[in-house]
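S.K.: One point on numbering: in the UniProt record's numbering, the residue at position 148 of the sequence shown is 148, and numbering is uninterrupted.
Quick reminder that beta carbons are idealized off the backbone N, C-alpha and C, glycines included.
These numbers come from a predicted model, not from an experiment.
Below is a structure I'd like to ask you about.
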Amino acid sequence: MQMRFLRPPRRAAAPPNANLTRRYASSARLAALVERIPVVTPELPAWKRESLELRERLAAHLSKVYPEQLTVAQEGPDRRQARLRAAAIIESEGAREGEGDRTGDETSLDRKLAHRLYLVLREGGAWRLPQVDWSGGAEAAAARQLLAPTLGRAPSALSCSCASPRRRRLSVSASENTSLPAAARAASPASPASPASPASASPARERARARPREEMARWPP
Numbered sequence: 001m002q003m004r005f006l007r008p009p010r011r012a013a014a015p016p017n018a019n020l021t022r023r024y025a026s027s028a029r030l031a032a033l034v035e036r037i038p039v040v041t042p043e044l045p046a047w048k049r050e051s052l053e054l055r056e057r058l059a060a061h062l063s064k065v066y067p068e069q070l071t072v073a074q075e076g077p078d079r080r081q082a083r084l085r086a087a088a089i090i091e092s093e094g095a096r097e098g099e100g101d102r103t104g105d106e107t108s109l110d111r112k113l114a115h116r117l118y119l120v121l122r123e124g125g126a127w128r129l130p131q132v133d134w135s136g137g138a139e140a141a142a143a144r145q146l147l148a149p150t151l152g153r154a155p156s157a158l159s160c161s162c163a164s165p166r167r168r169r170l171s172v173s174a175s176e177n178t179s180l181p182a183a184a185r186a187a188s189p190a191s192p193a194s195p196a197s198p199a200s201a202s203p204a205r206e207r208a209r210a211r212p213r214e215e216m217a218r219w220p221p
């Protein structure tokens, strides 16, 4: 007695991109990330300043002391002018408080100079990154055009965040004009965002990747 197991007919597998587009097209969103990096170094915490002062006092206590006639030289006019000029530049350009901090303007980039600032918009009573609906198969240039009315010509990195565990990222080259829209507000979250990966490789890199596949196709000789 022979038993036969009937296999169900095989169905043509749909492309993975088509399944992803059909399943998550309604929930996928494109978010633009506009960041201003810190302009000045952050202030040292109290414990760090105390540690540096203690180290300086210890080094001064253990160092050798020589007569001032051998170590102190008279300051010349050129060196004095250079010192005064450097002090004036540090006082004018090295201020940690910008114009936006003094006026309370949250749309200005001249504030929070020691922190990272991110562009967020107020939509429906909540602050969020500039977002638009993403349609499956959209390229980086098309996504940049969708967000153009919101961003103006600000440099941005576009990323697709959807419900699928598979993530896609698109990158856009930064434009020359970095003016931000007047309705935008710069916020400073705690953690920085990761940069977007390039959307396409260079022609030379594509040829280098295709060369091993061509050699394998010709094997055996």
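Over what stretch of residues does the alpha helix (DSSP H) that includes residue 69 continue unbroken?
M.R.: By 1-based counting over the sequence shown, the position of residue 69 is 69. Segment 68-71, the alpha helix (DSSP H) holding residue 69.
S.K.: Only counting runs of 4 or more residues, tell me where the alpha helix (DSSP H) segments fall wholly within the region 32-85, in order along the chain.
M.R.: 46-62, 68-71
S.K.: Mind checking which residues open and close the alpha helix (DSSP H) that includes residue 111?
M.R.: Within the sequence shown, numbered from 1, the residue matching residue 111 stands at position 111. Per DSSP, residue 111 belongs to no alpha helix (DSSP H) and is neither H nor E.
S.K.: Starting from residue 133, trace the beta strand (DSSP E) both ways and give me its first and last residue.
M.R.: Counted from its first residue, the sequence shown places residue 133 at position 133. Per DSSP, residue 133 belongs to the beta strand (DSSP E) from 131-133.
S.K.: Cα separation between residue 31 and residue 123?
M.R.: Numbered from its first residue, the sequence shown carries residue 31 at position 31. Numbered from its first residue, the sequence shown carries residue 123 at position 123. The alpha-carbon atoms of residue 31 and residue 123 are separated by roughly 13 Å.
S.K.: Quick check on residue 64: buried or exposed, where buried means 16 or more other Cβ atoms within 10 Å of its Cβ?
M.R.: In the sequence shown, counting from the first residue as 1, residue 64 sits at position 64. Residue 64 comes out exposed.
S.K.: Whole angstroms is fine: what's the gap from residue 33's alpha carbon to residue 87's?
M.R.: Position 33 of the sequence shown, counted from the first residue, corresponds to residue 33. Position 87 of the sequence shown, counted from the first residue, corresponds to residue 87. When rounded, the distance between both Cα atoms is 37 Å.
S.K.: At which residues does the alpha helix (DSSP H) containing residue 99 begin and terminate?
M.R.: Taking the first residue of the sequence shown as 1, we reach residue 99 at position 99. It spans 99-103 - the alpha helix (DSSP H) in which residue 99 sits, taken as one unbroken run.
S.K.: Between the alpha carbons of residue 103 and residue 113, how many angstroms are there, rounded?
M.R.: In the sequence shown, the residue the question calls residue 103 occupies position 103. In the sequence shown, the residue the question calls residue 113 occupies position 113. In a straight line, the C-alpha of residue 103 is about 14 Å away from that of residue 113.
S.K.: In the structure shown, what three-state DSSP assignment does residue 28 receive?
M.R.: Here residue 28 is taken as the residue at index 28 of the sequence shown, counted from 1. Correct three-state label for residue 28: coil.
S.K.: If you check the beta carbons only, do residue 130 and residue 117 fall under 7 Å apart?
M.R.: Here the question's residue 130 lines up with position 130 in the sequence shown. Here the question's residue 117 lines up with position 117 in the sequence shown. Result no, Cβ atoms of residue 130 and residue 117 do not sit closer than 7 Å.
S.K.: Between residue 48 and residue 119, what straight-line distance do the alpha-carbon atoms span, to the nearest angstrom?
M.R.: Reading the sequence shown from its first residue, position 48 is the one you call residue 48. Reading the sequence shown from its first residue, position 119 is the one you call residue 119. Using only the alpha carbons, I get a separation of about 32 Å.
S.K.: Rounded to whole angstroms, what is the Cα-Cα separation between residue 50 and residue 44?
M.R.: If you number the sequence shown from 1, residue 50 lands on position 50. If you number the sequence shown from 1, residue 44 lands on position 44. Straight-line Cα distance between these residues: approximately 10 Å.
S.K.: Name the two residues that bound the continuous beta strand (DSSP E) containing residue 128.
M.R.: For the purposes of this step, residue 128 is taken as residue 128 along the sequence shown, with counting starting at 1. Its beta strand (DSSP E) spans residues 126-128.
S.K.: Could you tell me the boundaries of the beta strand (DSSP E) in which residue 123 lies?
M.R.: Walking along the sequence shown from the start, residue 123 turns up at place 123. Looking at the DSSP string, the run of the beta strand (DSSP E) that includes residue 123 is 117-123.
S.K.: With a 10 Å radius around its C-beta and 16 neighbouring C-beta atoms as the bar for buried, classify residue 127 as buried or exposed.
M.R.: As a position in the sequence shown, residue 127 is number 127, starting the count at 1. With fewer than 16 other CB atoms across the displayed protein chains lying within 10 angstroms of its CB, residue 127 is exposed.
S.K.: Buried or exposed: residue 80, going by 16 or more other Cβ atoms within 10 Å of its Cβ?
M.R.: Counted from its first residue, the sequence shown places residue 80 at position 80. Exposed, since its Cβ has fewer than 16 Cβ neighbours within 10 Å.
S.K.: Whole angstroms is fine: what's the gap from residue 106's alpha carbon to residue 83's?
M.R.: For the purposes of this step, residue 106 is identified with residue 106 of the sequence shown, where counting begins at 1. For the purposes of this step, residue 83 is identified with residue 83 of the sequence shown, where counting begins at 1. In a straight line, the C-alpha of residue 106 is about 36 Å away from that of residue 83.
S.K.: What's the call for residue 134, buried or exposed, on a 16-neighbour Cβ count within 10 Å?
M.R.: By 1-based counting over the sequence shown, the position of residue 134 is 134. Burial call: buried.
S.K.: For residue 85, count neighbouring Cβ atoms within 10 angstroms of its own Cβ and tell me buried if that reaches 16, exposed if not.
M.R.: For the purposes of this step, residue 85 is taken as the residue at position 85 of the sequence shown. Counting Cβ neighbours within 10 Å, residue 85 comes out exposed, since fewer than 16 surround it.
S.K.: The ligand FMN and residue 55: does any heavy atom of the ligand fall closer than 6 Å to the residue's C-beta?
M.R.: No copy of the ligand FMN occurs in the structure displayed, which carries no ligand at all.
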